[in-house]
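These notes are about the structure you will find just below.
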Amino acid sequence: MQSLASVYLTGELDLSNVSGLRAKLGAIDGPAVVDLSEVTYLDSTALNELALLRRRVGTVALVVASANVRRTLEIVGFGQSFRIVGKREELGLRDPE
Amino acid sequence: MNPAVTTDSTDLAATIAEGVPYHVWVVRADGSIEYNNRQFLDYTGLNEQQALHDEHRIALVHAEDRDALAARWAAAFAAQESFQAEFRLRGRDERYRWFLTRVAPMRDADGTITRWVGTGVDIDDLRESAEWLRGFGETAPQLIWVSRADGFVEFWNRRMIDFTGIAPDPQTGIDWGRVLHPDDARAASDAYVHALEHGTSFEFQYRLRRHDGAYRWYLARAEPLRDAGGTPIRWFGSATDIEERKRSEDAMALLLAATGIIAGAREIDATLVEVSELVVREFAESCAIYRPGDDGRVEISSLSARDPERGSDIRAMIRRYPPRAHDPVRTVMGRDEARLIANVTDEGRRTIAHDDRHLAQLEALGTTSVMIAPLTARGQAFGALHLARYAGGPPFDPQDLRTAQLLAGRLAGAMDEAQTRESERRLAETFQASALPSRLPAPPGIEIKAIYQAAEVGVNVGGDWYDAFEISPWRLVLSVGDVIGKGVNAAATMSLIRHGIRFAAQRGQEPAEILKAVDAALKAENPDLSATAFVAIMDIRESRIRYASAGHPPAALRLPLSGRTRLLDVEPAPPLGTWPVNTLPRVAAAPLAYGSLIAMYTDGLTEFDRDPIEGERLILEALRDEAAYASTNPARYLRDAVLAGRRVHDDVAVITLAFGRREGWTFEAPDAMEAEPARGKFGAWLSGAAEGDIYGATVIFGELVGNVVRHAPGPIEMRAEWQGSDLVLHVLDRGCGFAPSLQLPTDGLSETGRGFFIVDALARKADVSVSHQGTHVRVVLPVTRKVRPT
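Chains as they are written, first to last, in my numbering: chain A, 1001 to 1097; chain B, 0 to 789.
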């Protein structure tokens, strides 16, 4: 499996810090893993940015630890377009960061 | 007796020769003159003998035409062919006239010429008018045409040909469709056909296409030339250039309309928007007003565009790239001179572009022509007016710049006036506010809100008040009133009355007695002034309100849940200070159920249009909306709903009391973005008061705030309140365009459109209602009340 870019996000992702999120995701230029294990809050602001990323790079995997965050992702059907896992290991990547 | 004419064989010929209205003569084969008819002799004044001799005849030909004629005759005679010539012949009255002469040989059976017959036709009048007409047609400054009765164009004068670049085709004439503006062609054609059919004159204003493709306005008129019977046989038309006049008229109309808008009683922001909308209808394709913001920035205050999509693009671009130092908007602002950039150049774009991306956006926009006029009045720079045209329209010219300057002058005047009014108004408001209660009571379950808005100075400032105070843990007094009169005296009197009511109420008096006491005090203190007042005493334990009025409008009540409204009406006593002896005002009472909302106000709220009935109707209508009760400031909500941005000439005071308000959580901010950080506090409050899907509730909160920030940036009001076992979250904004989608976007990777879907999925219930006031979102959160709040 090709080496994927990895991005680690933390805390609350909402309208007040969307520009930071946009910058982090904007720097990705290929298939990527977005690690949301330490994200405590996420709403459609972040969902929109993730959709943009997915459209741009084609393949995105999400690591989601919080059941709440996962639920939000599932409500909007992101399970269809993203690979969602509970732990990074499930992706079977050879090289950890 | 004419020797060439014999009485028998040539009788008919003789009759003809002597009868026709031409000159006729006959020349023998050898060139000598044989015969001249009577017309010739009469005209020339020669006698029969003289007319037979060449030297007499040639002497009558005009000197300038003589040689040519002689040469022509000699050549024709030698070649034995006919010829015709025009020359001037002197008559017996010594004046020359033009004649068209034809000379033709007559041959015998062998082909030998036996005689020559000449005829001469007087064409002097015809030539003169033809000359005159041609001269007129060529030199007249108008465009001239002549057409037949069926509309076929026979003649276009030089100017017409030069202007349009085309000439009438002898076979097909002119296709007017080629030269008339497409928007005018149909109507003009109809009018012309009508004139042709009815033989009436034709007059029309249309745009004519110049040879280079540009159009100019012309006033066309055509008159028929009739025959003896009155039937038109020709049409003579002319068209005069009225482009300048038309442009002046249009500019005048624009300025007049703009002046009308400015004179209307609207808030300055609404006025600026309305004038911009007017300007982009015909004069420019985009109209932007720039104003200096805080800390040296230049911001766009309003923007209108004929094409709304282009308008959004421009707005977004300017928000991202505001004008910098070299931008003409900045250099014009604060000066006296307006600037015309008739043709935008690449270099011009590079001057204002912040970076390559900005430059690309500017190029994509396709601006072709720009005018910038300073909005300056009395030496103060209020901003700049920016007008632009885009691909396809004619460039602006100096005449347009004059119009833009006049327009900017009027706008700046309005902005100056508004600023003066506003600062004076704020001064009065501050003064008044210092005389109003600094704190409003907040007993448990009761929320009292109030607003006061001063009118413009010079009209009816000062004198309105509101008040609310507790006289015991379960009794609350509310009052509003309006001192009739102006000036400082009125303000002082207002204070006197307010405190008089407090004093009397604290002594345990009922509404009627309170009013009576104040009436007496007013008469004693200030006999020249009077005031209206409405006093209400609320008993929380009994859940009742008792009230009385002295010449004041009734209060309004909103019933819980159903939202039905009614007036708290009571027969009013006369205004305070004017009561006849022994007046005892009526007192009325009403029960108050939990969840009710009472509103008391002064007549500035209802009488802005001099129609208090209509004003009261507007209050009740606004109250009926649940948003009025959910609002974090129902007094302000009502004021906004009823006045809707109108300027008022009277003070306005509104005080509202919500009875039986459940504990909850509220938040309001002038900018919805400030609500985002409040989510944390909301979450904390919620964790203490409720249990269930707390996380889901905070996501709902976040989505609704995000929604307002994106679709209706501006003020936001949020209230979470228990309604029975439900916790209802209300979000109010001032936007009207939001139509929430309850479905996910069909494109799974769309970058927007999920917010409300998430809200609907997480909430127990979600509703949206939109009014001209704004949008009210009402969501039942997925939580239940904690038995023992923590």
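Note that beta-carbon positions come from the ideal geometry of N, C-alpha and C, so glycine has one too. No experiment lies behind these values; they were computed from the predicted model shown.
For residue i, which three-state DSSP category applies?
| i | result |
| --- | --- |
| ARG753 of chain B | coil |
| TYR34 of chain B | strand |
| PHE607 of chain B | coil |
| LYS764 of chain B | strand |
| ASN459 of chain B | Here ASN459 of chain B scores only 48 on pLDDT, less than 50, and its place in the model should not be relied on; the value that follows carries that caveat. It is a strand residue. |
| THR366 of chain B | strand |
| GLN505 of chain B | helix |
| TRP72 of chain B | helix |
| LYS522 of chain B | helix |
| THR582 of chain B | coil |
| ARG733 of chain B | coil |
| ILE288 of chain B | strand |
| PRO633 of chain B | helix |
| MET537 of chain B | strand |
| HIS325 of chain B | coil |
| MET159 of chain B | helix |
| GLU202 of chain B | strand |
| MET332 of chain B | coil |
| ASP293 of chain B | helix |
Please return the same chain residues whose Cβ sits closer than 6 Å to the Cβ of residue i, not counting the five positions on each side in sequence.
| i | result |
| --- | --- |
| ALA643 of chain B | none |
| LEU780 of chain B | ALA696, LEU726 and LEU728 |
| VAL4 of chain B | Low local confidence applies: a pLDDT of 49 at VAL4 of chain B is under 50, so the model's placement there is unreliable, and no value is given. |
| ASP732 of chain B | VAL707, ALA711, ILE715, GLY773 and THR774 |
| ARG126 of chain B | TRP97 |
Just the chain A side, please: which residues come within less than 7 Å of residue i by C-beta, in chain order?
| i | result |
| --- | --- |
| PHE666 of chain B | Here the premise fails: no neighbours, minimum Cβ distance about 15 Å. |
| GLY754 of chain B | SER1044 |
| LEU743 of chain B | VAL1076 and GLY1077 |
| VAL708 of chain B | LEU1015 |
| GLY705 of chain B | LEU1015, ASP1043, SER1044 and THR1045 |
To which residues of the same chain is residue i closer than 7 Å at the C-beta, ignoring the five residues directly before and after it?
| i | result |
| --- | --- |
| ASN459 of chain B | Low confidence applies to ASN459 of chain B: its pLDDT is 48, below 50, so where it sits in the model is not reliable, and the reading given next is rough at best. Answer for ASN459 of chain B: LYS485, HIS648, ASP649 and ASP650, listed in chain order. |
| ALA413 of chain B | ILE261, ILE267 and THR270 |
| ALA352 of chain B | LEU358 and LEU361 |
| ALA390 of chain B | GLY365 and THR367 |
Taking Cβ-Cβ distances shorter than 7 Å, what residues in chain B pair up with residue i?
| i | result |
| --- | --- |
| LEU1093 of chain A | Correct list: empty, because the minimum Cβ distance to chain B is about 24 Å. |
| LEU1047 of chain A | ARG753 |
| TYR1008 of chain A | Those within 7 Å of TYR1008 of chain A in chain B number zero; the least Cβ separation is about 22 Å. |
Could you pull out every residue in the same chain whose Cβ sits closer than 8 Å to the Cβ of residue i, ignoring the five residues on either side in sequence?
| i | result |
| --- | --- |
| ASP568 of chain B | PRO553 and ALA587 |
| ALA256 of chain B | LEU277 |
| GLU54 of chain B | none |
Looking at residue i and the ligand GDP, is the gap between the Cβ and the nearest heavy atom below 8 Å?
| i | result |
| --- | --- |
| VAL120 of chain B | The model depicted lacks the ligand GDP and carries no ligand whatsoever. |
Along chain B, which residues have their Cβ under 8 Å away from the Cβ of residue i?
| i | result |
| --- | --- |
| ARG1058 of chain A | It should be noted that the sequence gives Gly, not Arg, for residue 1058 of chain A. None at all; the shortest Cβ gap to chain B is about 11 Å. |
| THR1072 of chain A | VAL698 and ILE757 |
In chain B, which residues lie less than 9 Å from residue i when you measure between Cβ atoms?
| i | result |
| --- | --- |
| GLY1079 of chain A | The contacting residues do not exist; GLY1079 of chain A stays about 10 Å from chain B at best. |
Within 9 Å of any Cβ in chain C, is that where the Cβ of residue i sits?
| i | result |
| --- | --- |
| GLU716 of chain B | Reference to chain C is not applicable here, since the protein chains of this structure are A and B. |
For a contact meaning CB atoms closer than 8 Å, what does residue i contact in chain A?
| i | result |
| --- | --- |
| PRO676 of chain B | SER1016 |
| SER760 of chain B | Reading the sequence as shown, one finds Ala at residue 760 of chain B and not Ser. The answer, in chain order, is ILE1075. |
Which residues of chain A have a Cβ atom closer than 9 Å to the Cβ of residue i, listed in chain order?
| i | result |
| --- | --- |
| ALA337 of chain B | Neighbours of ALA337 of chain B on chain A: none; closest Cβ ~38 Å, over 9 Å. |
Taking one C-beta from the segment 265-282 of chain B and one from the segment 226-246 of chain B each time, how about it: are there three or more such pairs within less than 8 Å? no
Closer than 7 Å, Cβ to Cβ, to anything on chain A: give me those residues from the segment 679-693 of chain B, in chain order. Taking 7 Å as the cut-off between beta carbons, none of the residues of the segment 679-693 of chain B comes near chain A.
Contacting positions in the segment 1013-1027 of chain A - beta carbon closer than 7 Å to chain B: ASP1014, LEU1015 and SER1016
May I ask you to verify whether the segment 206-218 of chain B touches the segment 353-370 of chain B, counting CB pairs closer than 8 Å and requiring at least 3? no
Three or more C-beta pairs below 8 Å linking the segment 440-452 of chain B and the segment 631-646 of chain B: At 8 Å Cβ cutoff, the stretches touch.
Tell me whether the segment 95-103 of chain B and the segment 9-18 of chain B touch, counting them as touching only if at least three CB pairs, one residue from each stretch, are closer than 8 Å. no
If you measure beta-carbon to beta-carbon, which residues of the segment 564-581 of chain B are closer than 9 Å to chain A? none
The segment 130-145 of chain B contacting the segment 106-114 of chain B, beta-carbon criterion three pairs below 8 Å: no
Using a Cβ cut-off of 9 Å, which residues of the segment 190-201 of chain B contact any Cβ in chain A, in chain order? none
Within 9 Å of chain A by C-beta, residues of the segment 304-327 of chain B in sequence order: none
Using 8 Å as the Cβ pair cut-off and three pairs as the minimum, do the segment 656-665 of chain B and the segment 432-445 of chain B touch? yes
With a cut-off of 8 Å, do at least 3 Cβ pairs link the segment 1060-1074 of chain A to the segment 1036-1051 of chain A? yes
Quick check: the segment 554-563 of chain B against the segment 595-605 of chain B, are at least 3 beta-carbon pairs closer than 8 Å? yes
With a threshold of 8 Å, are at least 3 pairs of Cβ atoms found where one atom belongs to the segment 373-386 of chain B and the other to the segment 286-300 of chain B? A contact between stretches requires three or more CB pairs, one per stretch, nearer than 8 Å, and the segment 373-386 of chain B meets this requirement with the segment 286-300 of chain B.
Would you call the segment 665-685 of chain B and the segment 477-484 of chain B in contact, with 3 or more CB pairs under 8 Å? no
Counting Cβ pairs closer than 8 Å, one from the segment 530-541 of chain B and one from the segment 465-482 of chain B, do we hit at least three? Because the criterion of three Cβ pairs below 8 Å is met, the segment 530-541 of chain B and the segment 465-482 of chain B touch.
Under 8 Å, with one C-beta from each stretch per pair, do the segment 110-121 of chain B and the segment 193-204 of chain B reach the 3-pair mark? no
Say whether the segment 565-582 of chain B touches the segment 516-529 of chain B, bearing in mind that this needs 3 or more beta-carbon pairs closer than 8 Å, one atom from each stretch. yes
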